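Residue numbers (full-length UniProt numbering), protein chains in the order written: chain A, 1 to 275; chain B, 1 to 230.
We treat Cβ as the ideally placed atom computed from N, Cα and C, and that holds for glycine.
Owing to the predicted nature of the structure, the values given are computational and were not obtained by experimental measurement.
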């Protein structure tokens with residue numbers, strides 16, 4: 001009667017934590033236990049630890065959802081154009097004549113060694129830093145995830161959603177509902193009573209990413225947003241980037257990892273100008 | 001949006017429990033130290049409340065700067081961000097002022113008790129923008145806290161009759177404390193309120209302007225449409 005019951009309950013719980021709706025999580029857990037029973041083996045023996053299997057299962061579900069009804073990918077109008085953009089701090093040149101044209105429905109990766117000006121370029125695109133020369137043209141509806149201090153350590157995820165939602169003119173309930181739905185796509189179910197300071201580094205970065213896409217912007221600017229992500233979250237993140245792209249957003253990602261670069265539309269490599 | 005920012009800032013501030021304990025204790029220490037001389041105790045209490053709220057304001061504004069930048073990029077008005085945070089700080093400050101007004105009412109026999117409420121309320125209203133102003137001039141917490149310490153020490157030590165003392169932001173506390181305790185006419189009340197109004201307007205305007213300059217994102221033009229190709 002109690003065959004695999006405890007394992008099944010743990011699996012359902014971990015699936016819910018990974019953003020799977022409760023009903024579906026219970027159904028999947030029930031199916032997994034039933035399959036193990038049919039095979040005449042303990043579920044833990046067949047599938048491994050519930051936590052690891054839940055993570056795999058949740059990721060597969062998200063991948064299936066992403067590819068079940070792929071949107072026709074169309075490159076739209078230009079959302080970001082950089083023409084000979086330069087940046088100097090006193091006598092030191094950080095950026096020397098950067099050019100890029102990014103359209104809606106495209107992903108650009110900015111790569112380069114430490115100190116090559118990647119974050120400076122992203123801040124220029126966001127409008128936080130003024131370029132010393134050249135022209136920056138950018139669409140007004142923008143999402144922005146800075147590398148550090150993009151969230152308040154003393155606020156819960158729901159309070160962040162409300163705050164950012166208020167800027168976009170979204171109501172309180174809608175902001176929280178949209179935020180939680182987007183978090184689910186990154187395999188994260190925010191808890192109501194935990195402030196950002198008590199989240200793990202990777203989960204805090206997921207919050208950072210979710211906040212950048214709360215209003216479905218035309219252009220999303222991300223500065224190494226996957227720091228602290230585990231392997232599954234990292235893959236989920238790139239899946240998410242390509243979902244945004246397929247939904248018609250332009251995405252600019254600062255990265256120092258070279259994985260997945262063959263899938264992006266533009267690679268902008270920066271070098272230290274003084275070298 | 002301003003009210004949402006105020007509510008969330010208040011929630012954020014309320015989670016700094018140890019800091020809030022010290023915000024509460026600082027004026028109490030000032031008050032108890034000079035309890036033997038009533039007018040001094042009330043004046044010190046007001047300066048303690050002002051110092052505590054100005055420091056809270058300084059740390060609150062410095063801590064929120066990067067988040068404020070991010071919110072400005074996505075379209076938040078720097079004015080709303082500033083006003084929301086100020087509303088939260090003034091709210092917290094007035095709650096503190098109410099608690100200490102109750103303490104004064106319970107422990108001292110003050111001839112003009114409502115003037116003590118006025119004194120504490122005006123101090124809070126000046127302290128919140130003063131802390132914001134310091135946070136914008138000195139954007140690091142340690143430097144800002146030391147600047148406030150110097151300012152408040154000067155405020156306590158300077159001879160109030162000196163013309164120089166009138167340039168200090170909380171000179172009005174002495175006049176209002178004198179009006180509350182001593183058998184004087186409306187002169188100190190008028191002078192205190194005038195000084196308070198001037199300081200409030202000056203600190204608020206400079207802090208608001210500096211905050212706007214700091215947070216306002218660079219205006220970027222929309223991408224020009226590409227020329228049609230044949």
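Measure the alpha-carbon distance for residue i versus residue j and round it to whole angstroms.
i: residue 156/A; j: residue 67/B; result: 14 Å
i: residue 114/B; j: residue 135/A; result: 60 Å
i: residue 248/A; j: residue 107/A; result: 10 Å
i: residue 111/A; j: residue 256/A; result: 6 Å
i: residue 122/A; j: residue 99/A; result: 13 Å
i: residue 82/A; j: residue 137/A; result: 7 Å
i: residue 172/B; j: residue 116/A; result: 53 Å
i: residue 4/B; j: residue 162/B; result: 44 Å
i: residue 68/A; j: residue 14/A; result: Low confidence applies here, because residue 68/A scores a pLDDT of 47, under 50, leaving its location unreliable; read the following figure in that light. Looking at the two C-alpha atoms, the distance is approximately 24 Å.
i: residue 104/A; j: residue 166/B; result: 59 Å
i: residue 43/B; j: residue 203/B; result: 21 Å
i: residue 206/A; j: residue 81/B; result: 24 Å
i: residue 98/B; j: residue 56/A; result: 56 Å
i: residue 41/A; j: residue 16/A; result: 25 Å
i: residue 32/A; j: residue 43/A; result: 7 Å
i: residue 125/B; j: residue 111/B; result: 24 Å
i: residue 46/A; j: residue 54/A; result: 13 Å
i: residue 21/B; j: residue 29/B; result: 12 Å
According to DSSP, is residue i part of a helix, a strand, or is it coil?
i: residue 220/A; result: strand
i: residue 276/A; result: Look at the range of chain A in this structure, 1 to 275, and you will see that residue 276/A is not part of it.
i: residue 7/A; result: helix
i: residue 19/A; result: coil
i: residue 76/B; result: coil
i: residue 83/A; result: strand
i: residue 65/B; result: helix
i: residue 226/A; result: coil
i: residue 72/A; result: Note on residue 72/A: pLDDT 49, under 50, position unreliable in the model; no value is reported.
i: residue 37/B; result: coil
Smallest Cα separation from residue i: which of the options?
i: residue 85/B; options: 38/B, 116/B, 209/B and 12/B; result: 12/B
i: residue 51/A; options: 87/A, 39/A and 12/A; result: 12/A
i: residue 60/B; options: 119/B, 73/B and 10/B; result: 10/B
i: residue 199/B; options: 216/B, 213/B, 170/B and 212/B; result: 170/B
i: residue 77/B; options: 167/A, 120/A, 97/A and 223/A; result: 167/A
i: residue 270/A; options: 31/A, 254/A and 161/A; result: 254/A
i: residue 144/A; options: 154/A, 164/A, 153/A and 130/A; result: 164/A
i: residue 175/B; options: 64/B, 128/B and 120/B; result: 120/B
i: residue 160/B; options: 192/B, 110/B, 69/B and 223/B; result: 192/B
i: residue 136/B; options: 36/B, 54/B, 6/B and 16/B; result: 54/B
i: residue 197/A; options: 16/B, 6/B and 7/B; result: 16/B
i: residue 148/A; options: 266/A, 225/A, 246/A and 264/A; result: 225/A
i: residue 38/B; options: 65/B, 178/B and 188/B; result: 178/B
For the alpha helix (DSSP H) holding residue i, just list the boundary residues, first then last.
i: residue 115/B; result: 113–137
i: residue 270/A; result: Run containing residue 270/A: none in the alpha helix (DSSP H); it sits in the beta strand (DSSP E), 266–270.
i: residue 153/B; result: 141–157
i: residue 45/A; result: 43–47
i: residue 252/A; result: From DSSP, residue 252/A is part of no alpha helix (DSSP H) but of the beta strand (DSSP E) over 250–254.
i: residue 246/A; result: 231–246
i: residue 194/B; result: 187–215
i: residue 12/B; result: 2–14
i: residue 231/B; result: As displayed, chain B neither begins before 1 nor continues past 230, which places residue 231/B out of reach and without an answer.
i: residue 189/A; result: Unbroken run through residue 189/A: none, as it is neither H nor E.
If the criterion is Cβ atoms closer than 8 Å, does the pair residue i and residue j meet it?
i: residue 138/B; j: residue 147/B; result: yes
i: residue 126/A; j: residue 73/B; result: yes
i: residue 94/B; j: residue 2/B; result: no
i: residue 36/A; j: residue 4/A; result: yes
i: residue 94/A; j: residue 209/A; result: no
i: residue 207/B; j: residue 129/B; result: yes
i: residue 109/A; j: residue 261/A; result: yes
i: residue 78/A; j: residue 226/B; result: yes
i: residue 29/A; j: residue 8/A; result: yes
i: residue 131/A; j: residue 19/A; result: no
Can you give me the start and stop residues for the beta strand (DSSP E) that residue i sits inside?
i: residue 103/A; result: 92–103
i: residue 180/A; result: First-last for residue 180/A: 172–185, but that is the alpha helix (DSSP H), not the beta strand (DSSP E).
i: residue 107/A; result: 107–112
i: residue 138/A; result: 133–138
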